[in-house]
Amino acid sequence: MSDLRARGLLAVSRIGFNGVKEDPVHFALLVSRRFASSRLFLGITKRIGRLLEAHKLSNFAFTKRVRSSIFLLDGKPNEAIELLKDQHDAKSMCARARIYAFLGEYEFAVAQAASAGKAGRRLVKQYAAEKSVLSKPLIDQDKTLSVIRTNHKRVLHLLTNSLPFTNSGYTQRSHSVLKSIQKTGWEVVPFSRVGYPWIVGVLPNSDADDIDGVTYRRLLPKVLPATATERLSVQTELLSKAVVEFKPAVLHTTTEFLNGISIKDVAQKAELPWIYEVRGQLADTWLSGCADRSRESFRYINFKARESEIAKSADAVITLGSTMRDELIAAGVDPQRILICPNAVGEEFIENVPDKSTSRQKLGLADDWQLIGTVSSLVGYEGLDLLVRAFAELSSNHPKLRLVIVGDGTERTSLINLADELGIKDRAVFPGRVEKSKARLYHRALDVFVVPRRDLDVTRAVTPLKPVEAMAFEVPVVATDLPALREIVDDGVDGLLFEAGDQFDLADKIRVLLDDKAMRDTMGRAGRMKVLSTRTWAANAEKITSLYSSLCAGRSEQ
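Each residue of the sequence shown is one higher than the one before, counting from -15 in this note's numbering.
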């Protein structure tokens, strides 16, 4: 076994050992959720719940902790707390501490864990550290880095995660940005955050992976620190060594703020310019999966504050759209330092539009069907239950209509169950997560692409990638009338907007397109034309590398 795999195995084993030692049932449920499909996970938890009820075990402390864990992992913290309100044993106190941490209420989380005595010591240390980094974390500013200046066009990126171990909108954007920057003549040196991919349970064979000519490197320490404060310190130390080794001209990182803290510290010590790329409102994304009370939590308030501070301190900020730009300005970021680089498409969408019939044939979908649907993460804020209900509304008058929802996530099982309850399960297709090339086929196969996002802080600000890809393939989009989505869909030109939360308005807008092929074709062509003229990775790369050059020139004049 290589030294790298041995260190990784030790890191993963420690995570597992601590989880099992602290609460084996909660840890087992957590692992089943992480590595099983959402459908399997929810099926397991429901069977456990029925088994406990059948054997009249609902009043035992152990049973309450199990059911509480199920509620918590299912995003129902208030129900989880209610189950444990009369339990005062050490393990129940630890369980309550986990719930308070989930809610972002770190003061209560630390207090509950401390009340558990020895059983809660690790949780006290963990939550106190998380609370600390959400306060104003301090990193040693006394040291300087000796970086020999070169004329190389080289940029070092710090990423949260990356291909090949994580396939998400974040990693796909990262890969597209890095590839397109590299084609301009700049050399890219991307690193992922400290401990990744160990912290997601993956043991890589190497500390670098080459994907399409982009070499992703890892910050993998000899020993992975146990707490957030220690990991931040080690990340900054390893990043400093990487900067000395690769001698970049500029540093570039993305949300969240912990990446920014490390990059800022290293940039100041090495006297290098640095960029903070705000790809989302992560505090609001987190809030969308919590209870309403979490808006007033320590985590949410301080998360927002730290994000604003990091953005304001960067030499430049890149973001996805005008709505996010406006929010950054409202937070105090100088508008002159903000560059918009929207979600975009690459050569695989630009070169040609695949034949719709051929795409359907490859997917096993009938050519005479009318297909509506989406390619998305199946999470609550996407509002996909609204799409299922709208489909049910349309189905009786459109016998050839079929629903296609591609992707996986916490809502997949509930969406399948809803389709069953509404009597449309036999007309709905849920293929789960698919490879990128297959996702493109689904994009092209659809007659109407639907983005039924809920009206939340995060969805009002963040522009998704998938509808842009659909438009590039001449598929008209029906989307919620939200500020971020209005940046993508020009209502009545390349798609239609519907009132947030209104399934009947959604059904009406889809019906208009289903009943008018000429309108679909016209809107599809308009959408592709707009995307190719305003949203390509090559165009983004030109803007980004121009920013790099400007920052480097400005720094050399100082």
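Cβ atoms here follow ideal geometry from the backbone N, Cα and C, with glycine treated the same way.
So residue i packs on residue j, CB below 8 Å; how close in whole Å?
i: ILE195; j: PRO148; result: 6 Å
i: THR443; j: TYR365; result: 6 Å
i: ASP299; j: LEU535; result: 6 Å
i: ASP478; j: ALA502; result: Going by Cβ atoms, the distance from ASP478 to ALA502 rounds to 14 Å, so no, they are not a contact pair.
i: VAL45; j: PHE55; result: Looking at the sequence provided, one finds Ala at residue 45 rather than Val. With a Cβ gap of about 15 Å, ALA45 and PHE55 do not count as contacting.
i: LEU143; j: SER158; result: 6 Å
i: ASN2; j: ARG105; result: No, ASN2 and ARG105 are not in contact; Cβ-Cβ is about 11 Å, not under 8 Å.
i: TRP258; j: ALA(-5); result: Between ALA(-5) and TRP258 the Cβ distance is about 28 Å, and since that is not below 8 Å, they are no contact.
From the DSSP output, in three-state form, read off residue i for me.
i: GLN166; result: helix
i: GLY305; result: coil
i: LEU(-7); result: helix
i: PRO460; result: coil
i: GLU419; result: coil
i: CYS180; result: The amino acid at residue 180 is misidentified as Cys; the sequence shows Tyr. TYR180: coil per DSSP, three-state reduction.
i: GLY479; result: strand
i: ARG157; result: helix
i: GLU91; result: helix
i: ASP268; result: helix
i: VAL432; result: strand
i: ILE408; result: coil
i: THR529; result: helix
i: GLY508; result: helix
i: ASP318; result: coil
i: ARG49; result: helix
i: ALA85; result: helix
i: THR211; result: coil
i: ASP194; result: strand
i: SER76; result: helix
i: THR220; result: helix
i: GLY273; result: coil
i: ASP486; result: coil
i: GLN71; result: coil
i: ARG424; result: helix
i: PRO451; result: helix
i: ASP249; result: helix
i: LYS206; result: coil
i: ASN243; result: helix
i: ARG573; result: Because residue 573 is not part of the residues shown, which for the chain are -15 to 542, the question remains open.
Within its chain, find whatever has a CB closer than 7 Å to the CB of residue i; leave out the 5 residues flanking it on each side and keep chain order.
i: ALA558; result: Only positions -15 to 542 of the chain appear in this structure, which leaves residue 558 out of reach.
i: PHE241; result: ARG290, GLU291, ILE294
i: ALA220; result: The sequence given here places Thr at residue 220; Ala does not occur at that position. Excluding positions up to five away in sequence, the list reads ILE123, SER246, ASP249, VAL250.
i: VAL117; result: ALA212, THR213, LEU216, LEU242
i: GLN265; result: ASP441, VAL442, ALA445, VAL446
i: GLY305; result: ILE324, PRO326, THR447, ALA468, GLU471
i: VAL218; result: VAL178, PRO205, PRO209
i: TRP353; result: LYS384, ARG386
Over the uninterrupted beta strand (DSSP E) stretch that includes residue i, give me the two end residues.
i: SER176; result: 171 to 176
i: ILE324; result: 322 to 324
i: PHE414; result: 412 to 416
i: THR237; result: 234 to 238
Name the DSSP bridge partner or partners of residue i?
i: GLN354; result: LEU385
i: TRP258; result: LEU235
i: VAL390; result: VAL359, GLY416
i: THR520; result: VAL329
i: ALA300; result: ILE259
Looking at the secondary structure, which residues open and close the alpha helix (DSSP H) in which residue i lies?
i: LEU378; result: 368 to 379
i: ASP404; result: 396 to 405
i: HIS141; result: Looking at the DSSP string, HIS141 is not in any alpha helix (DSSP H); the run it does join, the beta strand (DSSP E), is 138 to 143.
i: LEU187; result: Segment: none, LEU187 is in no alpha helix (DSSP H) and carries neither H nor E.
i: GLU63; result: 61 to 68
i: THR199; result: Where THR199 is concerned, there is no enclosing alpha helix (DSSP H), although the beta strand (DSSP E) it sits in stretches over 198 to 202.
i: SER341; result: 340 to 347
i: ASP58; result: That residue, ASP58, is in no alpha helix (DSSP H); it is neither H nor E in DSSP.
i: THR443; result: 441 to 445
i: ARG105; result: 105 to 118
i: PRO467; result: 467 to 470
So, at 6 Å on beta carbons, what are the nonlocal neighbours of residue i in its own chain, with the 5 sequence-adjacent residues on each side left out?
i: ALA315; result: SER292
i: ASP268; result: ASP441, VAL442
Excluding sequence positions up to five away, which residues of its chain have a Cβ less than 8 Å from the Cβ of residue i?
i: PRO338; result: ARG424, LEU425, ARG428, PHE457
i: TYR230; result: The displayed chain sequence assigns Phe, not Tyr, to residue 230. If we look at PHE230 and ignore the five residues flanking it on each side, its Cβ neighbours are ARG138, LEU140, VAL173.
i: TYR111; result: ALA81, ALA85, TYR90, ALA93, VAL94, ALA97
i: SER21; result: A caution first: SER21 carries a pLDDT of 48, below 50, which makes its placement in the model too unreliable to give a value.
i: LYS527; result: LEU323, CYS325
i: SER119; result: ASN286
i: LEU497; result: ASP431, VAL432, PRO460, VAL462, LEU480, MET503, ARG504, MET507
i: LEU362; result: SER22, LEU368, ILE389, GLY391, ASP392, GLY393, THR394, GLU395, ARG396, LEU399
i: LEU68; result: LYS48, ARG49, SER52, SER76, ALA79, ARG80, ILE83
i: ASP475; result: ASP465, LEU481
i: VAL301; result: ILE259, TYR260, GLU261, VAL262, ALA295, LEU312, VAL317, ARG321, ILE322, LEU323
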